[in-house]
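Step one of this worksheet: look at the structure below.
Residue numbers (full-length UniProt numbering): 1 to 330.
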């Protein structure tokens with residue numbers, strides 16, 4: 001092999017030398033490019049986690065806006081759009097993250113995301129049910145008010161000389177005042193449901209219903225139907241308030257679930273972020289070690305190649321010079 005290499009021309013030997021240098025340079029460039037590509041990939045994954053956290057924040061803000069507007073449809077659509085963005089991004093992570101370390105938290109994140117979406121749907125259903133019940137409460141309150149005014153009209157049409165007229169007017173006025181007090185308390189309860197306002201509403205409504213016994217005994221059979229209608233309206237009113245209480249309790253429970261699930265999503269996001277940082281450090285250390293190793297190997301092989309090529313070029317020159325010197329010395 002040495003004799004064959006020695007027979008190669010000087011130009012070819014120089015070309016081989018420069019080619020070797022270029023080859024090792026290309027190896028260094030390839031190692032550097034590969035290391036940089038891994039770091040870019042890891043940075044992109046960190047960016048994916050950060051974007052997921054931002055999407056969750058946007059979803060939480062949209063949920064709070066929906067709650068503050070008491071289930072406004074525009075706010076509901078905005079919340080749904082934020083949910084779709086969050087879910088789409090979360091699902092895309094399953095295809096972008098390939099390291100086995102990421103699979104467990106990603107699987108848990110997918111499960112919690114489904115639970116979070118289900119809770120949002122439950123909350124939306126609760127607010128829709130609450131809006132429907134508030135409409136029913138207004139209807140029953142209106143029916144009760146109309147019946148009371150009908151009774152009042154009947155009393156006012158009685159002969160002023162009748163002894164029962166004054167007592168019946170007082171009872172009708174009491175029923176009117178009871179309904180007004182209930183309505184005022186209901187407005188406060190629906191605006192800010194709590195145990196205190198809830199208790200006050202039911203106490204006032206039960207008092208209003210209990211006063212119907214005096215109406216029944218004071219009015220004749222001709223007005224009995226109106227009193228029955230009033231009692232039906234008040235009892236339906238109470239049933240609607242009961243239904244509103246249920247929707248409020250449901251919404252409160254869902255809010256707690258959403259808080260817990262949101263915190264779990266944040267925790268998993270932080271876990272994934274921590275994993276990416278660990279992998280980034282490992283990739284950086286690996287890239288640094290690989291580059292150092294390649295530089296050392298390239299230098300060693302470069303020096304070895306330089307020595308071999310130099311010898312292959314200078315040895316024939318020395319031999320030729322020695323022959324010339326012998327010829328010159330005769």
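Cβ atoms here follow ideal geometry from the backbone N, Cα and C, with glycine treated the same way.
Bear in mind the structure is a predicted one, so any value in this text is a computation, not a measurement.
*Are the beta-carbon atoms of residue 144 and residue 233 separated by less than 8 Å?*
Less than 8 Å divides the Cβ of residue 144 from the Cβ of residue 233.
*Can you tell which of 268, 183, 148 has its C-alpha closest to the C-alpha of residue 111?*
Taking only the C-alpha atoms, the option nearest residue 111 is 268.
_My assumption, with CB atoms under 8 Å, is that residue 283 sits in contact with residue 124. Please give the rounded CB distance._
Incorrect: roughly 43 Å between the Cβ atoms, too far for contact.
*Can you tell me the Cβ-Cβ gap for residue 182 and residue 151, rounded? I've got them flagged as a contact below 8 Å.*
That pair is no contact at about 17 Å.
_For the structure I just gave you, are there three or more beta carbon pairs, one from the stretch 220-231 and one from the stretch 92-112, closer than 8 Å?_
Because the criterion of three Cβ pairs below 8 Å is not met, the stretch 220-231 and the stretch 92-112 do not touch.
*If you run the structure through DSSP and keep just helix, strand and coil, what is residue 18?*
In this structure, DSSP gives residue 18 a helical state, which the three-state scheme calls helix.
*For the alpha helix (DSSP H) holding residue 213, just list the boundary residues, first then last.*
Residue 213: member of the alpha helix (DSSP H) spanning 212-218, first to last residue.
_Does residue 1 come out as helix, strand or coil in the three-state DSSP assignment?_
Low confidence applies here, because residue 1 scores a pLDDT of 48, under 50, leaving its location unreliable; read the following figure in that light. In the three-state DSSP reduction, residue 1 falls in the coil class, being neither helix nor strand.
*asked:* Using C-beta distances below 8 Å, list every residue in its chain close to residue 71, excluding the 5 sequence neighbours before and after it, in chain order.
replied: Hits under 8 Å: 124, 127, 128, 130, 131.
*Going by C-alpha distance, which of 58, 281, 87, 275 is nearest residue 104?*
Cα-wise, what sits closest to residue 104 is 275.
_Distance check for residue 83 and residue 75, CA to CA, integer angstroms please._
In this structure, the alpha-carbon of residue 75 lies about 12 Å from that of residue 83.
*Compute the Euclidean distance between the alpha carbons of residue 184 and residue 63, then round it to the nearest angstrom.*
Rounded to the nearest angstrom, the two C-alpha atoms are 29 Å apart.
*Round the Cβ separation of residue 31 and residue 291 to the nearest angstrom and send it over; I've been treating them as touching at under 8 Å.*
Between residue 291 and residue 31 the Cβ distance is about 6 Å, and since that is below 8 Å, they are a contact.
*asked:* Suppose the cutoff is 8 Å on Cβ atoms and the five residues either side in sequence are ignored; what does the same chain contact list for residue 113 look like?
replied: Correct list, in chain order: 86, 87, 90, 265.
_Just verifying my parser: in three-state terms, what is the DSSP assignment at residue 244?_
Look at residue 244 here: in three-state DSSP terms it is helix.
*To the nearest angstrom, how far is it from the Cα of residue 135 to the Cα of residue 222?*
Taking the straight line from one Cα to the other gives about 31 Å.
_Classification of residue 285 by the beta-carbon crowding that lies within 10 angstroms, buried from 16 upward_ = Residue 285 should be labelled exposed.
*Inspect the CB distances between the stretch 239-250 and the stretch 155-163 and report whether three or more fall short of 8 Å.*
Cβ pair count under 8 Å is below three, so no.
*CA nearest to the CA of residue 101, picked from 189, 190, 278, 212*: Checked all of 189, 190, 278, 212; the closest Cα to residue 101 is 278.
*Quick one: what does DSSP say residue 105 is sitting in, helix, strand or coil?*
Correct three-state label for residue 105: helix.
*Neighbourhood of residue 1 by C-beta, 7 Å cutoff - its chain only, sequence neighbours within 5 removed*: No answer about residue 1 holds up, because its pLDDT of 48 lies below 50 and its placement is not dependable.
*Reduced DSSP category for residue 183 - H, G, I as helix; E, B as strand; rest coil*: Of the three classes helix, strand and coil, the one that applies to residue 183 here is helix, per DSSP.
*Drop a sphere of 10 angstroms on the beta-carbon of residue 92, count the other beta-carbons inside from all chains shown, and report buried for 16 or more, exposed for fewer.*
By the 10 Å Cβ count, residue 92 comes out exposed.
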